[in-house]
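**Q** I have a structure I would like to understand better, so I am pasting it below and will then ask my questions one at a time.
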Amino acid sequence: MNDYVPIVVLGAIALAFALFSVGIAPFTGPARYNRAKLDRYESGIAPSPLPDGGGRVSIKYFFTAMMFIIFDIEIVFLYPFAVAFDQLSWFAFLAVMLFLVNITIAYVYEWRRGGMDWT
Amino acid sequence: MMLTVLALTPLLGALVLAFWPRSADPRLVKTIALAVSLVALVLAVVIAIQYDPGAGYQFVEEREWIAAIGVHYALGLNGIGLTLVLLTTVLTPVVILAAWGDRLPDPSRTNSYLAWMLALEGLAIGVFAATDVFLFYVLFEATLVPLYFLIGAHGGVGRSYAAVKFLIYNLVGGLLMLAAIVGLYALTAEAGEASFLHSDLLGLEMGEGTERLLFLGFFIAFAIKAPLWPLHTWLPDAAASASASTSVLMVSIVDKIGTFAMIRWCLEIFPNASQWASPVVLVLAVVSILYGALLAIGQDDLRRLIAFTSVSHFGFIILGIFAFTTLSTAGATLYMFNHGLSTAVLFLVTGMMIARRGSANISDFGGVQKIAPVLAGVLLIGGLSSLSLPGLAPFVSEFMVLAGTFTVSRPLAVVATLGIILAALYILLMYRRTMTGPLAPGAEGVRELDRREVATLAPAVVLIVALGFVPQPLLSVIEPALEPVLAAVSAGDPVPTQPVEAGASEGAQE
Amino acid sequence: MIAPTADTPIPAAQIDYGALSPLLIVAGVAVLGLVLEAVLPRRRRFVIQAIVTAAGLVVALVTSVLVYLDLPDVDEVERVARGAVEAEGAVTVDGPGVLTWILLVVFALLSLGLFAERRFEAGLSPFTGRAADVPGSREESEAVTHRLEHTEVFPLMLFALSGMMLFATANDLITMFVALEVLSLPLYVLCAVARRRRLISQEAALKYFLLGAFSSVFFLYGAALAYGYAGSLNLTLIDEAVTARSDSGGLLLVAMAMIAVGLLFKIGAVPFHAWTPDVYQGAPTPVTAFMAAATKAAAFVALMRVFFVAFGGASWDWRPTIWAVAVLTMIFGSIVAIAQTDVKRMLAYSSIAHAGFLLVGVSAAYLGVADGLSVTSVSSVLFYLFVYGVATIGAFAIVTVVRDSAGETTHLAKWAGLGRQSPWLAGAFTLFMLSFAGIPLTAGFIGKWGVFAAAWAGGTWPLVVIGVLASALAAYFYVRVVVLMFFTEPVGDGPTIAAPGVLTTVVIALAAIATVVFGILPGPMLDVVQHAGAFVR
Amino acid sequence: MNDDLWGNDPMWVVLLKALLIFVILVLYTLFNIWFERRVVARMQHRVGPNMHGPFGLLQSLADGVKLGLKEEVFPKAADRIVYFLAPILAVVPAFLAWAVIPFGPEVTIPFTDVRTALQLTDLPVAVLYILAVTSVGIYGIVLAGWSSGSTYALLGGLRSSAQMISYEVAMGLALVSVFIFAGSMSTSEIVAAQEQWWFFLPLLPSFIIYVIAMVGETNRAPFDLPEAEGELVGGFHTEYSSFKFAMFFLAEYINMVTVSALATTMFLGGWRAPFGIAQIWPGANEGYWPVIWFLGKTLLFIFLFIWLRGTLPRMRYDQFMHFGWKWLIPIALGWTIAVAFMRKAMQEELFTQQNVLWAAGVVAILLLATFLIPEKKTQEPAPEDDHDAEFDAFAGGYPVPPMPDRATTDRDASKEVGRP
Amino acid sequence: MTEYITLSFLLFTIGAVGVIVRRNAIVVFMCIELMLNATNLAFVSFARQHGNLDGQTAAFFVMVVAAAEVVIGLAIIVSIYRTRRSASVDDANLLKA
């Protein structure tokens, strides 16, 4: 457990620094009110109202997130496999290869069905 | 094989009719149905002739059916079963003939109407012949389906409600019996080989509590079937909505399954529990007798009236059975047969009256005997037989029941006798209101019986009269069959060796 | 260069691929389906997918049967049992398990007929062309004009099936959890892709998903606690810990309760039934059929496996709870079903009631007599699951046929007079209803008989009595439908009966035949379930 | 892992090391900003900052101070709490990642006899830890974009996260082969495993993939789409000013250093002296010298970043995603499988080391060659009436400017129909 | 060790309460994820307590399953949101209760 104490220490230092910096900002800078300044920036034109909840975003972002989850999980499985590689038998090796083949099939499927078209 | 053939004949007939083109001439269809039922009757008679009264179960068939749970396809007839098989086969042609002129809600469905009747006949024969309790249960429940459709699809006003009520009541009973059968299975399986055969169940060892529980499961099912107060309420509704032929099948045949099964299954397999329950059952039976009779008096609907008389009669039958004397039990069995006949006559005649008048209300009739004397005469005979006039068949059986009961419990017998008086009241009142006096307005259309109708009613009337004088052939068949039953019941009874005397002394003490 | 160092080699797992082959085949064909989806041109996908799926299922069926015939006998002291624990303790290939495989594959084959039926929607499948489209939008009508179809339903169904098969044979709580999810996730998706009434379908999917995920977390937490109690997730080892327990086992009780929640949810037992009616109603009818039949089968076998094998030593702790749940489920399902006006909802409540009846069989925990064959909890539940599943698929198949211009007409009032219009269809539906009601000479009767027999033998006769009374209640609403179809005048023009396609006809016919045949001659099937024996541990 | 080395430092040593890392990172960032500006200026034939301090070294510091003196703005539409926390969430993980980066071997702290490793701590899963912690930084970006309540910021945040997670996969896959060779995820052990061979040689494709992915990960040119000034103004930090903006700035530069340091550790032998030096000078890998090597190698990567920025134009978003998902990931996947097979073959002694090297080389060259093949226009079911069709600026969900020969109107759905 | 179990149980309870109380599908879903993570914590703690790896392996599987669940769940929620512009569970009421 002691391995993690230094991380906490470093984290505390970083957090203190970040909090301090962000915290003193109101005192270091000027504060001159200006309505336009507090509006959101939209390239110099009057900002258009935002719909509730930030409006709709493209479903493609959702796809990307989903694909990431799938592949990230794949990686989660690959890391222990990689670390223990030299101790593993052919069985484990082939099992992981089979797993990779499965992932590849999902990948090909997604590609073919247009899940990766960003244009 | 004889019994299988006998049961299969109407079933096959039903199948043929079900697939017969609907566009076919209805008369051809009816003729086929009648022919099939007559074949069954002939077969039954052949069986009856071959039957040897002293030899226990006969025409036995036994085959493994569901080996995994020890179910057999086992048939066999003893005297009681034979009596009821005869009743069934006799009444079915009568009923089909009576249904000749039935106006169905949907005329194009004559096929299914008759097919269901034949199916019911086949199943009923199977029930009376089954010697495996599982098979018995299956057929017992299966009879609900034809009856349900007969009431629901081919009945009159309120048929849908009546059909569902009928089904639910009987289903509840059936399912309770199912629970009990499950229990029997558990017992036999524990004892070694699971079996449902009547012969295997006879000497089954079971604890007192278990036995009573199982007995109740069976008994409630049968009490609903043979409408015993207070489980009878489905019957008047069903009878009021069903066609006359259906009512006959229902009351004269199917309801007999209840009383028949009390003897075969309750008494024989659970003798101790039967002993234990008999006081209550006897009281309920007497209540049934009086209640049915009283309500019959108050009825304006002819069909409901007959239904309530049946409740009363079933009270007698159950009284006879649970009195556990040879006399009363034999009387009860005979009563089943006789009641079947007399009720059939009543239902059919009133059915003809209702069809002519277009109403089932007694108040809509009056003075009919002036324009239709034969019809009135048959109604009178049926009625008189129902009130057990000496010389007609039911008298013998009712007397036997009362005499037997008298030796067991005098008060009950006395109270039950009141039922006879009440019976006279309701029958005669009904007859007077419908047949005598000035011709009621609207009743002019009540024609005299035609030849087919006479032919329909004749066999039953003849049998009623004949059996009134010579009941011996039937009794000789019935009595030997009852011996083992009573032996079983009294074996559980610690004190008496001669049931009649013991019963008498008991009665005297009360 | 760095030389490989094999300091402490991890041994290879021993896996009998032959015994697991049905499972592997189903999963493999599902993956193959994905490949096909990726490489085939759109126009030919549907037919090829359907054929491949069917072929895969048939092969799986044959191998399952072969595996079943090849199961080794276990020389247990007391009872008949066949099979062995495979795959390093993760999967038990035993009699009941393989039998469940067979059942599941049969259900899947029957449901496949409904999945692949393209006769009703003007030559399109019952699934939406493009699930991403907003219902009623221009894109959707475009999808229809271009005759788009989601052919992924076939692989999805196979994935769900593989999950079910694994679920029924898992010998390890975590394997079971994974299987639970593998079976659930495709079903969630399948629920959402109805062609007609998409909003309802999506809503059903959402409810199913949220509640399903919720309950599976309960299962999982229960598994975690069981692990905490026993130090292993393996059912056999948990059993050892439970049998040898010395403490009061509070942890164990909580674990069992939570695992039970997860499993009872899948079964649809009260009080975890809330999803059933909504999902059954909203999901595309073929999916409902598949789900109703197969999920229930898999979940029941899993339930029994967990509670008989792992927690068998604590049976007196859990049995009263299961009794209570069984009673509640039977009565609640039967009573509420009476008030339903929608066929699919009514069937859903009926499925709840049936879950109750099945639980009666389970709660007895009757393992049979020593050295003899008799009705046991396991065998009776298996038989019941079979007859219930077949009748359910048949009934839902009929639901797909009764339609009007807006698709299926599931309102009961619209079914009035069906018996006049198409007596065969109505007759078949009646048959299924009678089987549900447990009328003799239908398979449902033997099913009910079996679970009640097991319950009585297990010493819970009050449950049997309550069960038969609930059956009578249930019979009431089944009969009501029959009354409606045969004895009631049709409203307006009555239902329009789409001429059923060949596939649907075959499905209905097979289901009806099975219902009758196994009602009259249940012997062979009963023999089979009894010879399956007990769970191998 | 050496058990008595990790987790047994006295508290003051830990504190000292943590502080040192913090200081180094801040200073390094200031240096890097200056370095970048100078190098880019040189590439553009300019001079770059040269006024403050020697060679203008203090320019960044001056800029930083100036930033701090700017007015702080809370936009009207912002979600104030999240808006406030986002920069913190971005910067803290950036620092944290350095907890497990090895700067050097075990040394004696001057003026004492305490021995300690030049590494704050080590974990059995150190690399995983780095990946995890840096991923948390993405939250800072997404939340900043979301909480600003501005379209530009939101789009920038979304793009940024989409981009980072897309390249994270390739990066993660590239690391798998390193783990296979090192047999560990601990940074110190990975460095130890590179005693003979730096991994970038046998694992050249992994190295290349990693380097590409790391540029994508840090939102640097040519992959700096989230902050693409031309289209998104400033991306997720459009609405930020003052110290909060400075935090994002700091986080970006630290991340740059982090991925460089990770690249150094994973592929370039970490703190080990460059090939040859150790042979000539035995003391090169001892004491505090390795810190020099380490920082030098890191600076090499920083230079690469700058070089890329000075050379390459920014990619379009779809090109970027296309490249990541359809090139990097399959190649990384294929390479990983190949490495696994090779390693297995070595285990079974099917190959001699020589053969493996050759094969690796060949494969690497082949893979490199694939980059030269122009991508085919595949599968696109050739839009029948491409030119006549009305152009939809939002067809794929992203605003795309119209080409000169196309008119802009609403949806062009014919293209979508082809794929359900 | 019990602290970890207690914490996991607390998290689980919070998640469960959240599922029951909250109406937004996404929030409900996140609560479920919280419960999954609580489970993971329990698994890992028990693994430590028993000194075997089963629990850790289980946590692995749970993570994968949770990810798969996220994919499916979000897809369903998104599709509902697209058609109704609302992620509230109460707004999904076409199916009568």
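Residue numbers (the UniProt record's numbering), protein chains in the order written: chain H, 1 to 119; chain F, 1 to 510; chain A, 1 to 537; chain Y, 1 to 420; chain R, 1 to 97.
For glycine and all other residues, C-beta sits at the position ideal for the given N, C-alpha and C.
Please state if the CB of A:Glu152 and the CB of A:Gly501 are separated by a distance shorter than 8 Å.
**A** No, the pair does not count as a contact, with Cβ atoms beyond the cut-off.
**Q** Under a three-way DSSP split, which group does Y:Pro381 fall into?
**A** At Y:Pro381, the pLDDT of 49 sits below 50, so the modelled position is not reliable; the number obtained from the coordinates is stated separately. In the structure shown, Y:Pro381 sits in coil (DSSP, three-state: anything other than H, G, I, E or B).
**Q** On the criterion of 16 or more Cβ atoms from any shown chain inside 10 Å, does F:Phe365 qualify as buried, or is it exposed?
**A** Counting Cβ neighbours within 10 Å, F:Phe365 comes out buried, since at least 16 surround it.
**Q** Going by DSSP in three states, Y:Asp388 sits in which element: helix, strand or coil?
**A** Its pLDDT being 46, under 50, Y:Asp388 is placed unreliably in this model, and the coordinates cannot settle the point.
**Q** Residues of chain R with CB under 7 Å from A:Val232, in chain order?
**A** The amino acid occupying residue 232 of chain A in the given sequence is Ser; Val does not appear at that position. Those within 7 Å of A:Ser232 in chain R are Asp54.
**Q** Which one or two residues does DSSP pair with A:Thr92 in a beta bridge?
**A** Its beta-bridge partners are A:Val85.
**Q** Looking at the secondary structure, which residues open and close the alpha helix (DSSP H) in which F:Ala74 lies?
**A** Element bounds for F:Ala74: not the alpha helix (DSSP H) but the beta strand (DSSP E), Val71 to Leu77.
**Q** Could you name the residues of the region 105-119 of chain H whose beta carbon sits closer than 9 Å to any beta carbon of chain A, in the order they occur along the chain?
**A** Those would be Ile105, Ala106, Val108, Tyr109, Glu110, Trp111, Arg112 and Arg113, in chain order.
**Q** Apart from the five residues just before and just after A:Leu225, which ones in its own chain have a Cβ nearer than 6 Å to its Cβ?
**A** Cβ within range, chain order: Leu251, Val254 and Ala255.
**Q** For F:Pro236, which residues of its own chain have a beta-carbon under 7 Å away from its beta-carbon, when the five flanking residues on both sides are left out?
**A** Excluding sequence neighbours, F:Pro236 sits near Arg304, Ala307 and Phe308.
**Q** What alpha helix (DSSP H) runs, 4 residues minimum, are completely inside the region 243-276 of chain A?
**A** List check, alpha helix (DSSP H) in window: 250-267.
**Q** Which term fits Y:Lys76, buried or exposed, when burial requires 16 or more other beta carbons within 10 angstroms of its beta carbon?
**A** Y:Lys76 should be labelled exposed.
**Q** Mind pulling the chain R residues with CB within less than 8 Å of H:Val76?
**A** By Cβ distance, chain R contributes Phe60, Met63 and Val64.
**Q** Is A:Phe290 near the ligand ZN, with its Cβ less than 7 Å from a heavy atom?
**A** Among the components modelled here there is no ligand, and therefore nothing to report on the ligand ZN.
**Q** Check the DSSP bridge columns for Y:Arg115 and list the partner residues they point to.
**A** Its beta-bridge partners are Y:Thr108.
**Q** Spatial neighbours of A:Leu441 within its chain, please: C-beta separation below 7 Å, excluding the five flanking residues on both sides.
**A** Same-chain partners within the cutoff: Gly519 and Ile520.
**Q** Please return the same chain residues whose Cβ sits closer than 6 Å to the Cβ of A:Tyr366, not counting the five positions on each side in sequence.
**A** Around A:Tyr366: Thr376, Ser377, Ala454, Ala457 and Gly458.
**Q** Just reading off the beta strand (DSSP E) that residue 556 of chain A is part of, what are its end residues?
**A** For chain A, the structure presents residues 1 to 537; residue 556 of chain A sits outside this window and is missing.
**Q** Which one or two residues does DSSP pair with R:Leu53 in a beta bridge?
**A** According to DSSP, which records beta bridges pairwise, R:Leu53 is partnered with nothing at all.
**Q** So which residues of chain R does H:Met97 contact, with C-beta pairs closer than 8 Å?
**A** What H:Met97 touches in chain R: nothing, since even the nearest Cβ is about 18 Å away.
**Q** Does DSSP put Y:Ile101 in a helix, a strand or coil?
**A** Residue state, collapsed to three classes: coil.
**Q** Near F:Glu268, what residues of its chain come up, given a Cβ to Cβ distance below 7 Å and the 5 sequence neighbours on each side ignored?
**A** Only Leu202, Val485 and Ala488 meet the Cβ criterion.
**Q** Would you please verify whether the beta carbon of A:Tyr68 is less than 8 Å from any beta carbon of chain F?
**A** By this cut-off, A:Tyr68 is not an interface position.
**Q** When the Cα of A:Asp16 is compared with those of A:Phe218, A:Thr92 and A:Ala194, which residue comes out closest?
**A** Of A:Phe218, A:Thr92 and A:Ala194, the residue nearest in Cα terms is A:Thr92.
**Q** What in chain Y is Cβ-close to H:Ser21, meaning under 8 Å?
**A** Result: Gly68, Phe243, Ala246 and Met247.
**Q** Say whether chain R places a C-beta atom closer than 8 Å to the C-beta of H:Phe71.
**A** H:Phe71 does not count as touching chain R.
**Q** Could you list which residues in chain C have their beta carbon closer than 8 Å to that of R:Val71, in chain order?
**A** The structure shown contains no chain C; its protein chains are H, F, A, Y and R.
**Q** What residues in the region 470-488 of chain A bring their beta carbon closer than 8 Å to a beta carbon of chain F?
**A** Answer set for the region 470-488 of chain A: Ser471, Ala472, Ala475, Tyr476, Val479, Arg480, Val483, Phe486, Phe487 and Thr488.
**Q** Given that F:Tyr137 touches chain A, what residues does it touch there, using C-beta distances under 8 Å?
**A** Near F:Tyr137 (Cβ distances below 8 Å), the residues of chain A are Pro440.
**Q** What residue range does the beta strand (DSSP E) around F:Trp65 cover?
**A** Start and end: Gln58 to Ile66.
**Q** Cutting at 6 Å between CB atoms, please list the residues of its own chain near Y:His387, excluding the five before and the five after it.
**A** Low local confidence applies: a pLDDT of 46 at Y:His387 is under 50, so the model's placement there is unreliable, and no value is given.
**Q** A:Pro135 CB to nearest chain R CB: under 8 Å?
**A** Yes, its Cβ sits closer than 8 Å to a Cβ of chain R.
**Q** Opposite Y:Gly183 in the DSSP bridges: which residues?
**A** Partner(s): none; Y:Gly183 has no beta bridge.
**Q** Are F:Leu389 and F:Phe395 close, meaning C-beta to C-beta below 8 Å?
**A** Against a cut-off of 8 Å, the Cβ pair of F:Phe395 and F:Leu389 comes out as a contact.
**Q** Would you verify that the beta carbon of A:Ile174 is, or is not, closer than 8 Å to some beta carbon of chain R?
**A** Taking Cβ atoms only, chain R reaches closer than 8 Å to A:Ile174, which makes this a yes.
**Q** What are the boundary residues of the alpha helix (DSSP H) that A:Cys191 is part of?
**A** A:Cys191 -> alpha helix (DSSP H) spans Leu173 to Cys191.
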